[in-house]
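K.L.:
Using my numbering, you'd call the opening residue of the sequence shown number 2 and step up by one each time. The C-beta atom is built at its ideal place from N, Cα and C for all residues, glycine as well. So that we are looking at the same thing, I have put the structure below in structure tokens.
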Amino acid sequence: MMFSPLLQRRDKILVIVHVLPKLLNGLLHAPFFRARSGFQYIGRQVHITHAKHISCGRNVKFEDYAEIHGLSRKGLIFKDNVTIGRGVMIRPSSYYGKDLGEGLVIGNNSSIGPNGYVGCSGSISIGDNVMFGPRCSLFAENHVFSDESIPIKEQGVAQKGIVIENNCWIGSNVIILDGVTIGEGCVVGAGVLISKNIAPHSVVIDERNKIFRNR
Numbered sequence: 002m003m004f005s006p007l008l009q010r011r012d013k014i015l016v017i018v019h020v021l022p023k024l025l026n027g028l029l030h031a032p033f034f035r036a037r038s039g040f041q042y043i044g045r046q047v048h049i050t051h052a053k054h055i056s057c058g059r060n061v062k063f064e065d066y067a068e069i070h071g072l073s074r075k076g077l078i079f080k081d082n083v084t085i086g087r088g089v090m091i092r093p094s095s096y097y098g099k100d101l102g103e104g105l106v107i108g109n110n111s112s113i114g115p116n117g118y119v120g121c122s123g124s125i126s127i128g129d130n131v132m133f134g135p136r137c138s139l140f141a142e143n144h145v146f147s148d149e150s151i152p153i154k155e156q157g158v159a160q161k162g163i164v165i166e167n168n169c170w171i172g173s174n175v176i177i178l179d180g181v182t183i184g185e186g187c188v189v190g191a192g193v194l195i196s197k198n199i200a201p202h203s204v205v206i207d208e209r210n211k212i213f214r215n216r
């Protein structure tokens with residue numbers, strides 16, 4: 002475990018005391034994952050289902066109260082040093098197995114901030130070194146509603162998927178809708194609704210008013 006040189010010995014001990022239960026919980030879950038390498042750190046009251054569809058790299062962290070639903074066609078893949086924040090929900094499929102979603106891949110050193118929602122019914126691909134702030138939501142699915150004679154609930158869904166390329170910073174409360182690709186090196190400001198593709202190395206402040214500029 003690497004510590005900041007600024008930490009005093011007492012602080013280091015407190016960090017170890019805090020992390021050790023997560024490490025032990027990770028060891029208890031490890032045999033049930035489809036694949037894993039290194040250690041995983043799993044916090045208090047983390048709810049993991051269908052772990053045989055989940056693959057974890059080294060130093061993957063599921064923080065307290067996260068909900069990881071593994072049932073999906075392609076599974077959930079968390080590469081090295083991924084952090085899933087406190088209270089995050091990852092949901093590719095119906096809890097009852099009726100609607101089977103695609104799943105997701107999260108690249109090395111990427112993180113989902115606290116209380117986020119990742120709806121990966123359609124495929125979601127998140128690259129390396131991607132940071133999400135708190136309360137971000139990704140919806141890789143849209144309801145079909147073209148036929149007014151049929152209830153929307155009965156018209157099915159469209160799933161184009163979401164791609165977020167490497168080295169992006171997504172601010173808090175951002176909503177990303179199905180069919181979007183966010184190019185490499187983008188910064189998305191807090192509270193923005195993203196409904197269309199974003200060119201690489203852009204800073205997105207307000208999509209509705211088309212306030213974009215290249216970095």
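How is the alpha helix (DSSP H) around HIS202 delimited, first residue to last?
P.N.:
From DSSP, HIS202 is part of no alpha helix (DSSP H); its letter is neither H nor E.
K.L.:
Looking at the unbroken alpha helix (DSSP H) that takes in GLY27, where does it start and where does it end?
P.N.:
Here the alpha helix (DSSP H) through GLY27 covers 10–30.
K.L.:
Report the rounded CA-to-CA distance for GLY180 versus LEU25, giving the unit in angstroms.
P.N.:
Their Cα atoms are separated by approximately 39 angstroms.
K.L.:
Determine the direct distance from the alpha carbon of SER126 to that of THR182, and round the result to whole angstroms.
P.N.:
THR182 and SER126: Cα-Cα distance of roughly 9 angstroms.
K.L.:
Ends of the beta strand (DSSP E) at PHE63?
P.N.:
Counting along the chain, the beta strand (DSSP E) containing PHE63 begins and ends at 61–63.
K.L.:
Rounded to whole angstroms, what is the Cα-Cα separation between PHE140 and ILE177?
P.N.:
Cα-Cα distance, rounded: 6 angstroms.
K.L.:
Can you check DSSP and say which residues form a bridge with GLN160?
P.N.:
Note: GLN160 sits in no beta bridge, so no partner.
K.L.:
Just list the beta strand (DSSP E) runs in the segment 140–195, keeping only unbroken ones of 3 residues or longer that don't cross its boundaries, in chain order.
P.N.:
Segments of the beta strand (DSSP E) lying fully in the segment 140–195: 163–165 and 176–178.
K.L.:
PHE133: buried (16+ other C-beta within 10 angstroms of its C-beta) or exposed?
P.N.:
Its Cβ being crowded by 16 or more others within 10 Å, PHE133 is buried.
K.L.:
Taking TYR42 as the reference, which of ASN60, LEU15 and GLY120 has the closest Cα?
P.N.:
For the residues ASN60, LEU15 and GLY120, the minimum Cα distance to TYR42 belongs to ASN60.
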